[in-house]
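As structure tokens, the structure follows; a few thoughts come after it.
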Amino acid sequence: MIKIKRKKYILIILCLMLSFLSIPNTAYAAEPYKSYTYTARMQGIPSLNGYSPEEVYVGADFGTDGFNAPKDLRFDSEGNLYIVDTGNSRIIKLNGALELVAVINSFDNQGEKDFFNQPEGMFITKEGNIYVADTQNSRVIKFDSEFNLLKTLDKPDMGGLSTTEEYKPQKVAVDDSERIFVVSAGSIEGLIQISQEGDFIRFFGSNIVKPDFFELALRKFLTKEQREKRMIFLPTEYSNVIVDNSGFLMTTTLNVSIDAVKRLNSKGSNIMRHDGRTGDEYGDVTYEWRETKPQFVDLVIDEYDNMLCLDRTSGKIFQYNSFGDLLFQFGGKGSAKGLFQSPSAIEHKDNKVYVLDERNNDLTVFVTTDFGEKVLIANALYIAGSYEESLEPWQEVIRMNSNYDLAYKGIGKALFRMGNYKEAMKNFKLAYSYKDYSKAKAEYRTQVLRENFSLIVIIIIAVIIAIRLLFRWLHKKNIYIKKIIEGYDFRRGEVR
Amino acid sequence: MKETLKTMLYSLHVIFHPFDCFWEVKHHKKNTFAAANILLGIYCVLVTISNQTTGFLFNFSMPEERNVFVDIISIILPIMIWSVLNWALSTLLDGKGTMKQIWITTIYGMTPMIISVIPCIIISQVLTLEESLFYSVFMSGMSYWSLILILLGNMVIHEYTLGKTILIALFTLIGFVAVVLIFIIFLSTFQQLIIFINTIYAEFKYRL
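Those protein sequences? They're chains Y and B, same order as listed. Start counting the first sequence at -8; every next residue gets the next number (my numbering). Start counting the second sequence at 269; every next residue gets the next number (my numbering).
Next comes the structure, spelled out in structure tokens:
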């Protein structure tokens, strides 16, 4: 009896130990935000995070005073990182390992010491020249790579074309043919293009006010005085401008979600691709009646032409591939590591994303997670058109997150290229990609027809003969379908 | 049973000979009501099947969102409201038809839609997006045909002119909107009532 009891105790203890083993390991990389993808119904469903916050830096980490409302962030071609510390009117230069190299407070202007006054943006060309948008001094300054002054470009004479008197250059970009584009505060005409000599050339790529049907209809009935009192609809202003890998200008616009991010050709029209599910809508998918609009303040292009767009309203970073598919979003509003109060600038280098916050006065570095890395590898192959090679990475992505629709699309394209149309159709169906499904279906149809042509012909002939025989048999039995359908005429009580 | 079946099959004759046939259906055919209800039942079944089996390119419903009861009700309820309202209006404007007859002719008029369901399913399995025009033209053609048949049926049973039929049909549609509006108001009021009773019950429960 006692023996049995003892055995029981041992058993119980063993069971307890086993149960402790099965308690899940609670140590996990806790990102304070949750990623999601959109279903075909545009509902967000949870997804794995593509990026996780690695480190947060404040000014003291670099051995300088704290930042004060820093507004821009740039990498040069050698991997040095520049932080435009707007409130302190200085530029901080860090090397690739994020160690302080120099703090630029002043520069030599024709023998005199000259200072910045709250610069908000800078740009580094491929040759290494540095352009600084010295906002409160109303000028753009051109330096060489060592901050030796080359030229100051003062307020250009716009010939009364501008609606705003003020010229406050906030962001500046220079394209491959040395044309300078300036985003000036409150300038609704678009980008201001100036020459290397500082002369005004034209306004470039202005946003267009889309006529509102209701407003137009209303204005038909209003008197002139009433019309003048109505709200004025002005084009939205640009918030940032960069140059992408192939030399096109890319812009962000405030307070809109449709076409908030644009790629402009030399004519100034938008040539962005919108093949993705979210179409031309950027940021969180919202509806027209929503009060809160996204405020895209910065974007950056990585080496695979993916766009990382920074939204100040939600504090989120949205990554799209160059076809317009949403890959990830990360970040958010808050004070935890990886969240922001008011993010102002974003940069990208070697799978790391650097985000500047102008209210927290810090710099957050994100790294890709395992999942993010897999998606980016697969996506890079997919964008490059090597669909067959992308098959395996996409399958790995699906293994980690079976809700990731883009992966199904990628697998479908790979299978389509390989000629496996039936499986391709299956994957396109899972991705709710109607166009691709249709293409695969057309191919599959011809394939089936070609393989079974004789069989199909035989079946058709057989059916025709069978119908003929059936009718002959019915005729013999004196049964007529027409009569059955028409039935008796009750008035006469006979077959009509 | 045999008579009902015969009357049901007569719907195929309606397609090309609406005037004769609606007259026949009204005055001479036996068991027309039962036949019409069977036809409606068949249509409901066919629509349910088509919601499941229509090809991916032409089927914009998500399987996880489908509800068979909602599908069926969304077919039957409009016909019901149409019958009631049309009857209510036509009695005022000296129509000869009864509510039952309106119900029957409406369903008989839907015959093109009923017989087009299965061909549509088959076509949708074969066609791609480039050829979707065939599908949509076929589908909408059948629907318009049904619409014309329903109007003609209405005209025959009420012994109206075409103009008057169309006028009353338009009035009925306006009535449709009114009914839906009243229904929504009724529903929200009822909801308020339920909340009210609930709170009173809760109050009693705590006091006693």
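The beta-carbon is built from N, C-alpha and C at its ideal position, and this holds for glycine as well. Predicted, not measured: the structure shown is a model, and the values here were computed from it.
{"Query": "Endpoints, the alpha helix (DSSP H) within which Y/ASP427 is located", "Result": "425 to 442"}
{"Query": "Short CB-CB distance (under 7 Å) between Y/LYS468 and chain B", "Result": "no"}
{"Query": "Residue(s) in a DSSP beta bridge with Y/ILE249", "Result": "Y/GLU272"}
{"Query": "Selected residue, minimal CA-CA separation from B/ILE389, among B/TYR469, B/LEU325 and B/THR275", "Result": "B/LEU325"}
{"Query": "Cutoff 7 Å: B/LEU280 Cβ touching any chain Y Cβ", "Result": "yes"}
{"Query": "Secondary structure, alpha helix (DSSP H): runs of 4+ residues fully inside the stretch 104 to 188 of chain Y", "Result": "none"}
{"Query": "Given 8 Å, three or more beta-carbon pairs between the stretch 176 to 195 of chain Y and the stretch 143 to 161 of chain Y", "Result": "yes"}
{"Query": "Close-in-space but distant-in-sequence residues of the same chain around Y/MET241 (CB under 8 Å, 5 per side omitted)", "Result": "VAL232, ILE233, VAL234, ASP235, VAL252, LYS253, ARG254, LEU255, LEU290, ILE292 and MET298"}
{"Query": "Reduced DSSP secondary structure (H/G/I, E/B, other) of B/PHE458", "Result": "helix"}
{"Query": "Beta carbon of Y/LEU225 nearer than 7 Å to that of Y/ILE179", "Result": "yes"}
{"Query": "Chain-ordered neighbours of B/PHE324 on chain Y, where CB pairs are closer than 7 Å", "Result": "LYS420 and TYR428"}
{"Query": "Spatial neighbours of B/LYS368 in its chain, beta-carbon cut-off 7 Å, leaving aside the 5 residues before and after", "Result": "PHE301"}
{"Query": "Between the CA atoms of B/ILE425 and B/LYS364 - distance to the nearest angstrom", "Result": "6 Å"}
{"Query": "Interface flag, B/LEU273 vs chain Y, CB-CB below 7 Å", "Result": "no"}
{"Query": "DSSP bridge partner residues for Y/LEU72 (one or two, in chain order)", "Result": "Y/PHE66 and Y/LEU85"}
{"Query": "Secondary structure of Y/ASP56, DSSP reduced to three states", "Result": "coil"}
{"Query": "Contact set for Y/LEU262: own chain, Cβ-Cβ below 8 Å, skip 5 residues either direction", "Result": "For the record, residue 262 of chain Y in the displayed sequence is Ile; it is not Leu. Closer than 8 Å at Cβ, skipping near neighbours: PHE239, ARG254, LEU255 and ASN256."}
{"Query": "Coil, strand or helix - B/ILE344 by DSSP", "Result": "helix"}
{"Query": "Residue interval of the beta strand (DSSP E) (run including Y/VAL502)", "Result": "Limits of chain Y in this structure are -8 at one end and 487 at the other, which puts residue 502 of chain Y out of reach."}
{"Query": "Complete alpha helix (DSSP H) runs within the stretch 372 to 453 of chain B (minimum length 4 residues, chain order)", "Result": "379 to 394 and 400 to 426"}
{"Query": "Buried/exposed call for Y/GLN101, threshold 16 Cβ in 10 Å", "Result": "exposed"}
{"Query": "Straight-line Cα distance separating Y/TYR399 from Y/PHE319", "Result": "16 Å"}
{"Query": "Same chain, Cβ closer than 8 Å to B/MET407, neighbours up to 5 away in sequence not counted", "Result": "SER384 and CYS388"}
{"Query": "Closest Cα partner of Y/ASP63 within the set Y/TYR42, Y/PHE204, Y/TYR122 and Y/LYS201", "Result": "Y/TYR122"}
{"Query": "Own chain partners of Y/ASN246 with C-beta closer than 7 Å, once the 5 adjacent residues on each side are dropped", "Result": "THR227, LYS284 and GLN286"}
{"Query": "Paired residues, beta bridge with Y/LEU240 - DSSP", "Result": "Y/VAL234 and Y/LEU255"}
{"Query": "Residue span of the alpha helix (DSSP H) that contains Y/GLU387, given as start and end", "Result": "378 to 391"}
{"Query": "Chain-ordered chain B contacts of Y/ARG436 [CB-CB under 8 Å]", "Result": "VAL394 and THR396"}
{"Query": "Secondary structure of Y/PRO61, DSSP reduced to three states", "Result": "coil"}
{"Query": "Pairwise C-alpha distance: B/GLU271 and Y/VAL486", "Result": "The predicted model places Y/VAL486 with a pLDDT of 46, which falls under 50 and marks its position as unreliable; any figure quoted below should be read in that light. Y/VAL486 and B/GLU271: Cα-Cα distance of roughly 15 Å."}
{"Query": "Three-state secondary structure assigned by DSSP to Y/ASP296", "Result": "coil"}
{"Query": "Within chain Y, the residues that B/MET367 reaches when beta carbons sit closer than 9 Å", "Result": "Here the premise fails: no neighbours, minimum Cβ distance about 23 Å."}
{"Query": "Counted within 10 angstroms of its Cβ, other Cβ atoms place Y/GLU338 as buried (16 or more) or exposed", "Result": "buried"}
{"Query": "Under 7 Å between C-beta atoms of Y/SER136 and Y/PHE107", "Result": "no"}
{"Query": "Buried versus exposed call for Y/CYS113 [16 or more other C-beta atoms within 10 Å across all chains shown]", "Result": "A small fix is needed here, since residue 113 of chain Y is Met in this sequence, not Cys. Classification of Y/MET113: buried, given that the 10 Å Cβ count is 16 or more."}
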